Amino acid sequence: MASGRGTGMASGTSAGGAGAAKPSPKANGATRAGGDLKDASRIAVDARAFASGVGGSWDYAPAPETVKVEIRPRYGHFIGGRWVNPSGENRDGRGLASGAYMETINPSTEDPIAAVAHGSERDVDAAVRAARGALANWSGLDPVERGKYLFRIARRIQERARELAVLETLDSGKPIKESRDVDIPLAAAHFFHHAGWADKLSYAFPGSVPRPVGVCGQIIPWNFPFLMAAWKIAPALACGNTVVLKPAETTPLTALRLAEIIEEVGLPAGVVNIVTGDGRTGAALASHDGLDKIAFTGSTEVGKKIALSAAARGTRLTLELGGKSANIIFEDASLDQAIEGIVGGIFFNQGEVCCAGSRLLVQESILGAVTARLRLRMASLRVGDPMDKNTDVGAINSRDQLDRIRSYLRIGPEEGATLHVGGDGEHSPGDGAGDGAGTGADGIDAATRRGLPSRGYYCRPCFFTGVQPAHTVAREEIFGPVLSVMTFRTPEEAISRANNTPYGLAAGVWTDKGSKIFEVANKLRAGVVWCNTYNKFDPASPFGGYKESGFGREGGMQGLRSYVRLDPR
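Take a look at the structure:
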């Protein structure tokens, strides 16, 4: 899943709007190069020099969203409308090896934020029983009244939007402007949208009587924690189902804050239950025989295991898994527009997006122009503190994910690709600027960390050139700010290369010819194809993939369909 606003990247240094940047006479304690700041008009700085810090340093005002939010030192589970302590043991009496609580870490500082309950099989079982107990009353409630509850949740999200944005950024590492402008507003939009459908389901499915599926187990990822919670809970509730939600172990805080909102609006006890924990908690939920439906967003590897388990029990299932999506640029495309789409498509949310445009297919005749523009645009990206409203690329979500990304950055040059590192001025391993290739693990790690905070999980945006279809970085999902650039000569070759992947989640087509858009888009084996744009989302539009990217759809009427069973009239 990705953003709700197109590319999501601001151009150059204008991200914060007029007046966001203020000149500073000091740069890391040194006098600014270029002379007296009082005569700033005498200093000419081109885009690359400005972005790399040549000609001066600039202090940016902190985001107004950096207000302190109330965070409890410890959170329990939200089960049956109450906050409950974790049981600390599984159903067979075995204690949890890691204890009853676990810490959630701020990825930008590596500091602990809070302790959250480590859910056991007993906790999951209690949540499923609470959801089952609430099902009859909730599904029997007048649909208009169900819709009112969803409207209240949506409005409360809007009222607490600033607080939620800060909490999302602290917990996930994504830039505050993305949490503020994309994640939280789109989450509210999902509740508003599905609130409107609550009393209109019979119109959505004419000739049938839509009835709730029952108790839904929902497991969400760490890249869009609050948005994914809304994405899954809203349609389930609108259709009269009850829910047990399990957020990712590294980003549970906004899901728990959503539980507080659910309390505030008076949602009946047991309709929504939230159990936190690690992968074992998720496995306990996915394998529980008290569920009527499972909705999972996450890795393909885990999704396959859940599919096997659900198939054995006959449980309804929706899977939204990984991707290796291709952005295709033809020689007749508007290059400036396309570059913005490419940058937003891969570097939005640090590239930690299932539908990220991580493969760039460029028509051979314009390869030089595209890579030159891409390098210049990457040089203007600001990497660093996610709470700075001018940051374009924040912190990677966890140490494990950062290590995974770095492993691919080493594999690429080993297989013959050339690595380019950008952000706040362009750098390349070995020489600090320009077009250098990888010079070993130490050089790559140094280039991707250059100029960034010493603490925190950071990686500069990168792209590979000289990539072949057989290369690892062209085949496997990296889930980070890493782009693989390849070429093609004809539309047929572009389609063949784009479809040459086990995934089928998304794709992008950039061309000035409408006929070519229709020809190419209809032949791409992807669940979502964007044309001359990327990462456009709306609650009314279905989202999902083919092949190893999962099956089923979320959003739109197709998404509602997975939460109802249709009986004949």
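For the sequence shown, the working numbering begins at 99 and goes up steadily by one. Even for Gly, the Cβ is constructed at its ideal location relative to N, Cα and C. Note that the structure is a prediction, hence the values are computed from the model and not measured.
Three-state class that DSSP yields for residue i in the structure shown
i      : result
Gly648 : strand
Tyr632 : coil
Met655 : helix
Lys246 : helix
Met326 : helix
Gly312 : coil
Tyr661 : coil
Leu581 : strand
Glu208 : coil
Gly606 : strand
Phe303 : coil
Thr489 : coil
Gly561 : At residue 561 the sequence reads Phe, which differs from the Gly that was named. Three-state DSSP puts Phe561 in a strand.
Gln448 : helix
Leu671 : Residue 671 cannot be examined here, being either before or after the span of the chain that is shown, 99 to 667.
Phe289 : helix
Asn339 : coil
Ile427 : strand
Val182 : strand
Ala296 : coil
Ile251 : helix
Ser155 : Confidence at Ser155 is low in this model, with a pLDDT of 44, below 50, so the placement of that residue should be treated as unreliable; the coordinate-derived value is given next. Here Ser155 sits in strand by DSSP.
Ile494 : coil
Contacting residues, own chain, Cβ-Cβ under 7 Å from residue i (five flanking each side not counted)
i      : result
Gly305 : Arg667
Val311 : Asn339, Asp390, Lys391, Arg414, Tyr661, Val662, Arg663
Ala346 : Ile318, Pro319, Trp320, Pro323
Arg250 : Val363
Ala467 : Leu433
Glu201 : Pro210, Ala213
Met655 : Ala302
Cys686 : The requested residue 686 does not occur in the structure, where the chain is confined to residues 99 to 667.
Ala252 : Ala286, Phe289, Phe290, Ala293
Gln256 : Ala286
Contact belief for residue i with residue j at Cβ below 8 Å, rounded distance in angstroms
i      : j      : result
Gly271 : Ile494 : 6 Å
Ala367 : Gly178 : 5 Å
Pro171 : His216 : Not quite, the Cβ-Cβ distance comes to about 15 Å (not below 8 Å), so this is no contact.
Pro323 : Ala353 : 6 Å
Trp320 : His288 : Wrong, their Cβ atoms sit about 19 Å apart, outside the cutoff.
Leu472 : Phe586 : In fact, because the Cβ distance is near 17 Å, the residues do not count as touching under 8 Å.
Gly521 : Arg547 : Actually they do not touch by this definition, with Cβ atoms about 11 Å apart.
Val341 : Arg230 : With 8 Å as the limit, Val341 and Arg230 do not qualify as a contact, their Cβ atoms being about 11 Å apart.
Lys422 : Arg573 : 7 Å
Leu351 : Asp269 : 5 Å
Thr207 : Arg651 : Rounded, the Cβ-Cβ distance is 38 Å, inconsistent with contact.
Asn447 : Glu219 : The Cβ separation is near 33 Å, so there is no contact.
Cβ shell of residue i (< 6 Å), same chain only, five flanking positions each side left out
i      : result
Ile317 : Lys344, Gly380, Phe394
Trp181 : Gly174
Arg475 : Ile437, Val441
Ser464 : First, the amino acid is wrong: residue 464 is Ile here, not Ser. Cβ neighbours of Ile464 beyond the five flanking positions: Glu429.
Val460 : Ile427, Val468, Thr585
Contact under 7 Å by Cβ, residue i with residue j
i      : j      : result
Ile274 : Ala259 : no
Tyr670 : Val222 : Outside the modelled stretch of the chain, which goes from 99 to 667, sits residue 670, for which no answer is possible.
Ile503 : Gly578 : yes
Leu500 : Val491 : no
Thr398 : Gly420 : yes
Thr563 : Val580 : no
Gly602 : Ala624 : yes
Ile331 : Phe176 : no
Ala285 : Leu325 : yes
Val167 : Leu265 : yes
Val242 : His386 : no
Ala515 : Val565 : yes
Gly443 : Tyr247 : no
Gly642 : Glu418 : yes
Ala336 : Leu356 : no
Arg254 : Ile169 : no
Ala384 : Ile404 : yes
Val519 : Ala545 : yes
Asp665 : Val307 : yes
Same chain, Cβ closer than 8 Å to residue i, neighbours up to 5 away in sequence not counted
i      : result
Ser496 : Ile203, Pro205, Trp320, Thr348, Tyr555
His291 : Ala332, Pro637, Ala638
Leu550 : Val481, Gly482, Tyr556, Arg558
Proximity test, residue i beta-carbon vs the ligand PLP heavy atom, cut-off 6 Å
i      : result
Asp610 : The ligand PLP is absent from the structure shown, which contains no ligands of any kind.
Residue-chain proximity (residue i, chain C), Cβ-Cβ < 7 Å
i      : result
Trp628 : Among the chains of the structure shown, chain C does not appear; only one protein chain is present.
| Three-pair Cβ contact test at 8 Å for the stretch 606–615 versus the stretch 425–436 | yes
| the stretch 640–647 touching the stretch 609–621, judged by at least three CB pairs closer than 8 Å | no
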